[in-house]
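J.:
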Amino acid sequence: MNLKLLLSLFVIGLLPFIFDNSYAQITSGGFGDSPFERDFGDVKFLDAYFGTLDQKIEVEPGDRNVPFTVVFANVGSQDITGIRGQLSLPYGFSASDGPGSIIHADSDSNSLAGKHFHLTFFVNIEKNAKIQQYPATVKVDYSRLRESGLRTSFTDFNFKVTGDSVINVKAIDPFLTSLKSNNVKIEISNDGTAPISSVDIIIKNTQVTTTSTTNVDNVIILESNWDIGNIEPKSLQSFPVTIYVPGSLKDDTLRIPLSISYYNAQGDKQTVEKIVDFFVKGLIDLRIFNVSIIELSGTQMVIGEIINEGNEDGLFGFVTLESAENSNIKSNTQFIDEIETDAPVPFNIPIEFNGEPKYGEHDITIIVRYKDSVRDEIFLTHDTTIFVQELSNDNDNSPNFSMIIIPIILVLGVGIYMIRRRKKTAIETSD
Numbered sequence: 003m004n005l006k007l008l009l010s011l012f013v014i015g016l017l018p019f020i021f022d023n024s025y026a027q028i029t030s031g032g033f034g035d036s037p038f039e040r041d042f043g044d045v046k047f048l049d050a051y052f053g054t055l056d057q058k059i060e061v062e063p064g065d066r067n068v069p070f071t072v073v074f075a076n077v078g079s080q081d082i083t084g085i086r087g088q089l090s091l092p093y094g095f096s097a098s099d100g101p102g103s104i105i106h107a108d109s110d111s112n113s114l115a116g117k118h119f120h121l122t123f124f125v126n127i128e129k130n131a132k133i134q135q136y137p138a139t140v141k142v143d144y145s146r147l148r149e150s151g152l153r154t155s156f157t158d159f160n161f162k163v164t165g166d167s168v169i170n171v172k173a174i175d176p177f178l179t180s181l182k183s184n185n186v187k188i189e190i191s192n193d194g195t196a197p198i199s200s201v202d203i204i205i206k207n208t209q210v211t212t213t214s215t216t217n218v219d220n221v222i223i224l225e226s227n228w229d230i231g232n233i234e235p236k237s238l239q240s241f242p243v244t245i246y247v248p249g250s251l252k253d254d255t256l257r258i259p260l261s262i263s264y265y266n267a268q269g270d271k272q273t274v275e276k277i278v279d280f281f282v283k284g285l286i287d288l289r290i291f292n293v294s295i296i297e298l299s300g301t302q303m304v305i306g307e308i309i310n311e312g313n314e315d316g317l318f319g320f321v322t323l324e325s326a327e328n329s330n331i332k333s334n335t336q337f338i339d340e341i342e343t344d345a346p347v348p349f350n351i352p353i354e355f356n357g358e359p360k361y362g363e364h365d366i367t368i369i370v371r372y373k374d375s376v377r378d379e380i381f382l383t384h385d386t387t388i389f390v391q392e393l394s395n396d397n398d399n400s401p402n403f404s405m406i407i408i409p410i411i412l413v414l415g416v417g418i419y420m421i422r423r424r425k426k427t428a429i430e431t432s433d
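All residue numbers for the sequence shown refer to my numbering, where the first residue is 3 and numbers rise by one.
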């Protein structure tokens, strides 16, 4: 009986220990052994990045004296003052004062309770650093107003060397032709070390930009906006543009302003303005017509005319006669110099044969070769059929009257001279 009583008392005494370990309870020391234990203070870390409070910046290995900002919140119930920070960065980073120096910063003002404050450090990034995420630690010393003594807060955080994005644009083919529609491509490249995303490009219809003057008046550009997407470092994208240029811009430079918006490696939206330059050439619009055959001095010749319906002269012009498969006409070339816009330019090329002459139809090609104002060589071809006839023999069979008349005249002259000479001699003898 006494044993049962003792056993019951032992169990009753053990119950508080069993239930105390079965439920999570807050003790006077905080959260006990809970993994969510926190030791709250007056300073709470918010963010850390390269740049100033108002603007984040992209950085890359080798940059010197760059600002590094750490943002905190004063979550305490009192204002704090005397804020001073010290930054600990991994290998590859150093203070702007030089290796071995302490990286520190002071806050310019007090921090009110419930407000945020920041510390801006200046650091050097060594060339051997990599573009990646790094760990760091910041120490903040401060004092509460109306309280003596110094408080200290430590925070571990991660930061990133982002790399630097460098945006450039250019025309893949920088030449336009006036008085016609031009299909061209513009290339946008990221020559930096950081990726850019959500790239959007807009053509600005304005004459004056922040960088220079443009001249897009009276120029028709069919497209005006392009969504390019992402551009990785050291890579590029291109987009098509259809442009009609009036004749008034011939021999001038067309300057097209672009507004490029994108998100950088810090996640901030950026907008830059760029200008794409094109040189506007004149239009050389040639047409070959009136191709036929004539016979001149016993030689048959292919003749024709070239008309330039553009607004610029063709330079260093040549006309070449070439034969097709059913023809044995020799290839022959004639230099015609400038092909002007104000009048047709004639050409005449003698017909010669490879081997025996072949009469009848011949398929031929007339090729006009010339250069434009930027010395690009251009070819124009014209296929046609000519009919080659035998040369007439009239000149060979008909007598050459000049060769007959001249000797007769000479003989008559000599005869008349001799007769007069004899008469004169006879008269002198009779006297």
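The beta-carbon is built from N, C-alpha and C at its ideal position, and this holds for glycine as well.
Bear in mind that the values here come from a model prediction, so they are computed numbers and not experimental data.
(1) Quick check on LEU89: does DSSP put it in helix, strand or coil?
(2) What number of angstroms, rounded off, separates the C-alpha of LEU181 from the C-alpha of GLN302?
(3) Could you check the C-alpha separation between ASP193 and ASN356 for me, to the nearest Å?
(4) Secondary structure at LEU48, three-state DSSP: helix, strand or coil?
(5) Which residues does DSSP pair with ASP219 in a beta bridge?
(6) Look up GLY53 in the DSSP assignment and say whether it is helix, strand or coil.
(7) Tell me, which residues are paired with GLU307 by DSSP?
(8) Between the Cα of ALA326 and those of ILE388, ILE245, GLU225, SER250, spot the shortest distance and give me the residue it belongs to.
(9) What are the boundary residues of the beta strand (DSSP E) that ASP108 is part of?
(10) Rounded to the nearest angstrom, what separates LYS172 and THR386 at their Cα positions?
(11) What is the DSSP secondary structure of LYS206, counted as helix, strand or coil?
(12) Note down, in chain order, each residue of its chain lying with its Cβ closer than 8 Å to the Cβ of GLU128, except the 5 sequence neighbours on either side.
(13) Quick one: what does DSSP say SER469 is sitting in, helix, strand or coil?
(14) Using the rule of at least 16 other Cβ atoms within 10 Å of the residue's Cβ for burial, across every protein chain shown, is SER250 buried or exposed?
(15) How close, in whole Å, do the beta carbons of ARG257 and THR195 come, if the pair is a contact with beta carbons under 8 Å?
(16) Please return the same chain residues whose Cβ sits closer than 8 Å to the Cβ of ILE230, not counting the five positions on each side in sequence.
(17) What residue range is occupied by the uninterrupted beta strand (DSSP E) comprising GLU434?
(18) Suppose you measure from the CA of GLY289 to the CA of ASP374; what does that come to, to the nearest Å?
(19) With PRO137 and ASP158 assumed to form a contact (beta carbons below 8 Å), what rounded beta-carbon distance in angstroms separates them?
(20) Take ASP35 and list the residues in its own chain whose beta-carbon comes closer than 6 Å to its own, dropping the five residues that flank it on each side.
(21) Rounded to whole angstroms, what is the Cα-Cα separation between LEU237 and LEU147?
(22) Does the distance from the C-beta atom of ASP81 to that of LEU121 stay below 8 Å?
(23) Please go through the stretch 119-181 and give each complete beta strand (DSSP E) segment of 3 or more residues, from N-terminal end onward.
(24) Looking at the structure shown, is LYS332 part of a helix, part of a strand, or coil, going by DSSP?
(25) Alpha carbon to alpha carbon, how far is SER329 from ILE366?
(26) GLN391: which of VAL304, GLY284, GLN88, ILE277 sits nearest, CA to CA?
(27) List the endpoints of the continuous beta strand (DSSP E) containing SER260.
(28) Alpha carbon to alpha carbon, what distance is there between THR244 and ARG226?
(29) Between the Cα of ILE133 and the Cα atoms of PHE161, LYS117, SER145, GLY316, which residue gives the shortest distance?
(30) For THR343, which three-state DSSP category applies?
(31) Checking the sheet assignment: what are the DSSP bridge partners for VAL201?
T.: According to the data block:
(1) strand
(2) Rounded to whole angstroms, LEU181 and GLN302 show a C-alpha spacing of 40 Å.
(3) 59 Å
(4) strand
(5) BP columns for ASP219 are empty, so no partner.
(6) strand
(7) PHE291, PRO348
(8) ALA326 has its Cα closest to that of ILE388, out of ILE388, ILE245, GLU225, SER250.
(9) That run of the beta strand (DSSP E) goes 105-108.
(10) 43 Å
(11) coil
(12) A distance below 8 Å between beta-carbons, with the five flanking residues on each side excluded, links GLU128 to the following residues of its chain, in chain order: PRO63, GLY64, GLY94, PHE95, SER96.
(13) No information on residue 469 is available, as it lies outside the stretch 3 to 433 that the chain covers here.
(14) Per the 10 Å Cβ criterion, exposed.
(15) About 29 Å separates the two Cβ atoms, so there is no contact after all.
(16) ILE190, VAL201, ASP202, ILE203, GLN239, PHE241
(17) Missing from the structure shown is residue 434; the chain here goes from 3 to 433 and no further.
(18) Residue identity check: residue 289 is Arg in the sequence provided, not Gly. Approximately 16 Å between the Cα atoms of the pair.
(19) 7 Å
(20) Confidence at ASP35 is low in this model, with a pLDDT of 42, below 50, so its placement is unreliable and no value can be given for it.
(21) Here the sequence assigns Ser to residue 237, which means Leu is not the residue at that position. So the alpha carbons of these two residues sit roughly 55 Å apart.
(22) no
(23) 135-146, 153-162, 169-173, 177-179
(24) coil
(25) The C-alpha of SER329 lies about 8 Å from the C-alpha of ILE366.
(26) VAL304
(27) Reading off the sequence shown, one finds Leu at residue 260, where the question assumed Ser. Counting along the chain, the beta strand (DSSP E) containing LEU260 begins and ends at 255-265.
(28) The displayed chain sequence assigns Ser, not Arg, to residue 226. Going from the Cα of SER226 to the Cα of THR244 covers about 10 Å.
(29) PHE161
(30) coil
(31) Paired residue(s): GLY231.
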